[in-house]
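Top line first, the protein sequences correspond to chains A and B.
Position in the first sequence (from 1) plus 952 gives the number in this note's numbering.
Position in the second sequence (from 1) plus 952 gives the number in this note's numbering.
Protein chains: 2
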Amino acid sequence: MNIITIGRQFGSGGRELGKRLADTLGYDYYDREIITAIAETSGMNAAYVEKALDSSDWRNYNFTFMHSFSMESVMQSEKVKLLSEQRHVIDGIAAAGKDCVIVGRNADILLERYHPFSIFVCADLDARIKRCEERSTEEEHLSRRQLEQNIRRIDKNRALSREIISEKKWGDAASYDLVVNTTGWDLKELTAAVSEFAVKFFNRKDHSIQS
Amino acid sequence: MNIITIGRQFGSGGRELGKRLADTLGYDYYDREIITAIAETSGMNAAYVEKALDSSDWRNYNFTFMHSFSMESVMQSEKVKLLSEQRHVIDGIAAAGKDCVIVGRNADILLERYHPFSIFVCADLDARIKRCEERSTEEEHLSRRQLEQNIRRIDKNRALSREIISEKKWGDAASYDLVVNTTGWDLKELTAAVSEFAVKFFNRKDHSIQS
C-alpha cells in the first residue's frame, strides 16, 4: 500500500495538487472526507468540527488539570476527543489498505509507521495571495492585506496543531520527503513531475526493506 | 541556459547529488572550483578563503564602522572583499552561458535573475551522522556527539551567511523550488528522479515566459 500525505501552506494549491495526484495515480483521495467522518461519529456539525480542530487556543492548556469542571475544560476535553477521533478516522483509512492521498491533518505524523511519501506544498506569498483572490467570491471580497492576514493566521494554526504531536516542524524543509514550490508552475504539469517522483519513491530499494 | 543551484544540510549528500545531476544532465559542475578561483584572484590560500567565507563571526559587524582601523575591521573588510569576489566568480559562471550545477555559496540568491532551479538537500540527523562517519578517516575519528556538534555548527554558519544577503531563510521549505530528503534513498536513484523533475521545471510553460 502506498500512502501520499500532503501538508501545505494556505493558498499554495496543495489541495488541488493532491487531488490531481490521486487522479493521475488512481489512488483514493481524502481531504474533507475526514472532517465529515468525524462529524458523523461525534454527531457534531462538520464546520464546527473543522473549526475546533484547527483553532490554536487550546495549545497552552495544561492537560493535567483536565479533571476540573470549568467551561474551558469541557471545551478542551471536546477538542481532545475530536483529535482522538481524527486519529481513529485516519488510522481507519490506512487500515483499509488501499493506495491513497491524504491532504492535511498531519497524516504524515499519524501514519509514520506506514512510511508514507510525505509532501509539503508551498508557494511565494504573492502567488498565494493571487490564488486566494481568484478563489474568493465577489461577496467575500477581501483586501490584499486581509488575505495576507488570513494566510498567516491559518498557517500559524497549522504549525501549532502539528507542534502538539510532533517535533517535525510544520514547513521545515527536513520534516518531509519532498517539498515543492508551486510558484510559476501549471499544476497539471507539476502533478506529472511529482507523480513520477512518487512512483520512484515507492519503488526505491530501501522502501521495500522498510515496509 | 539552465542553472541548478544546490543548498544542503551538512552530511545530507547534497554535493554528491549535485555532481551526479551534472553528470546525468551533461551540465558543468561548480563546487570547490569557486573557492579555488577566489583564492587565485586574491592570492590567498584556498583553505583560508573557505574558512573566512564560511565563518560567522563577522555577522554582527557594523558595516558603517568599517573605516575604523582596528585589527577587527581589517579582517572584516577582507571578508567583505572575499564575498564580493565570490559574487564576481559566480556571476562569471552564469555569464558564460552554459548549463551548470552550482553547489553551495547561496548561488540561488546571487543568480536569482537567471531563474535557476533551486534545490535544497536535507536528511534526517541519524542519516547525516552515518554519512559523516563513513566519510571520516580513521585518524580523524570523531564521536557521535562531536559529529552532531560539527553538523549543527556548519549548518548554523550556512544559515547565517545566507541571512546577510537574503530574506529567504536557509532550510526554510518555501525558500527553494524543490527540497529533497535523501534519507532512505540510493543517491543514484534519487538523481534520476530529481533530474527528470529538473527537466520538467526548465520546460514548464511559465519558465519560457520568465526567462
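Beta carbons are placed, not taken as given, at the ideal position from N, Cα and C, and that holds for glycine.
- Relative to the Cα of residue 1117 of chain A, the nearest Cα in the group A:1033, A:984, A:1062 belongs to A:1062.
- At least 8 Å separates the beta-carbon of residue 1053 of chain A from that of residue 967 of chain A.
- Nearest to residue 958 of chain B by C-alpha distance, out of B:1046, B:1077, B:1137, B:982, is B:982.
- Excluding its 5 nearest sequence neighbours in each direction, residue 1005 of chain B has C-beta neighbours in its own chain below 6 Å: 1034, listed in chain order.
- Excluding its 5 nearest sequence neighbours in each direction, residue 1049 of chain A has C-beta neighbours in its own chain below 7 Å: 953, listed in chain order.
- Here residue 1073 of chain A is not near residue 963 of chain A, since their CB atoms are 8 Å or more apart.
- Residue 1149 of chain B is a Cβ neighbour of residue 1145 of chain A, given a cutoff of 8 Å.
- Within chain B, 1125 have C-beta atoms less than 7 Å from the C-beta of residue 1072 of chain A, given in sequence order.
- Within its own chain, the residues whose Cβ lies closer than 8 Å to the Cβ of residue 972 of chain B, once the five positions on either side in sequence are excluded, are 1139, 1140, 1143, listed in chain order.
- In this chain, the beta strand (DSSP E) harbouring residue 981 of chain A covers 980-982.
- Annotation: Cβ neighbours of residue 1145 of chain A in chain B (cutoff 8 Å, chain order): 1148, 1149, 1152, 1153.
- Listed by position along chain A, the residues whose Cβ is nearer than 9 Å to that of residue 1078 of chain B form an empty set, because the closest Cβ is around 12 Å away.
- Taking each of B:1097, B:1057, B:1123, B:1128 in turn and checking the Cα distance to residue 1007 of chain B, the smallest one comes out for B:1057.
- At a cut-off of 8 Å between C-beta atoms, residue 1128 of chain A counts as an interface residue with respect to chain B.
- Look at residue 1156 of chain A: its C-beta is under 8 Å from a C-beta on chain B.
- Excluding residues up to 5 positions away in sequence, 957, 1068, 1070 lie with their Cβ nearer than 6 Å to the Cβ of residue 1060 of chain B in the same chain.
- Scanning B:1124, B:1135, B:1136 for the CA closest to the CA of residue 1132 of chain A turns up B:1124.
- In the structure shown, residue 959 of chain A adopts extended strand secondary structure according to DSSP, grouped into three states.
- By the Cβ rule, the segment 1091-1099 of chain B does not count as touching the segment 1107-1116 of chain B, because fewer than three pairs are nearer than 8 Å.
- Listed in chain order, the non-local C-beta contacts of residue 994 of chain B below 8 Å within the same chain comprise 1001, 1033, 1034, 1037, local neighbours out to five positions each way being set aside.
- Looking only at A:1153, A:1155, A:1147, A:1154, the smallest Cα-Cα distance to residue 1152 of chain B is reached by A:1147.
- In the three-state reduction of the DSSP assignment, residue 986 of chain A falls in the helix class.
- Between residue 1136 of chain B and residue 1156 of chain A, the C-beta gap is smaller than 8 Å, which places the two residues in contact.
- The beta carbon of residue 997 of chain A sits closer than 8 Å to the beta carbons of 991 from its chain, once the five residues preceding and following it are set aside; these are given in chain order.
- Residue pairing of residue 1130 of chain A in beta bridges, as defined by DSSP: A:1071, B:1132.
- Here DSSP, grouped into helix, strand and coil, assigns residue 1138 of chain A to coil.
- Unbroken alpha helix (DSSP H) runs of no fewer than 4 residues, entirely contained in the segment 1027-1064 of chain A, are found at 1059-1062, following chain order.
- Note: residue 1124 of chain A is bridge-paired with B:1124 in the DSSP secondary-structure output.
- Non-local C-beta neighbours of residue 1130 of chain A in its own chain, meaning closer than 6 Å and more than five positions away in sequence, comprise 1071, ordered along the chain.
- The Cβ atoms of residue 1041 of chain A and residue 955 of chain A lie no closer than 8 Å to each other.
- Interface criterion met: the Cβ of residue 1138 of chain B is under 8 Å from a Cβ in chain A.
- The C-beta of residue 968 of chain A comes no closer than 8 Å to any C-beta of chain B.
- No residue range can be given for residue 1089 of chain B, since it is assigned to no alpha helix (DSSP H) and is classified by DSSP as neither H nor E.
- Residue 1083 of chain A is classed as buried because its beta carbon has at least 16 other beta carbons within 10 Å across all chains shown.
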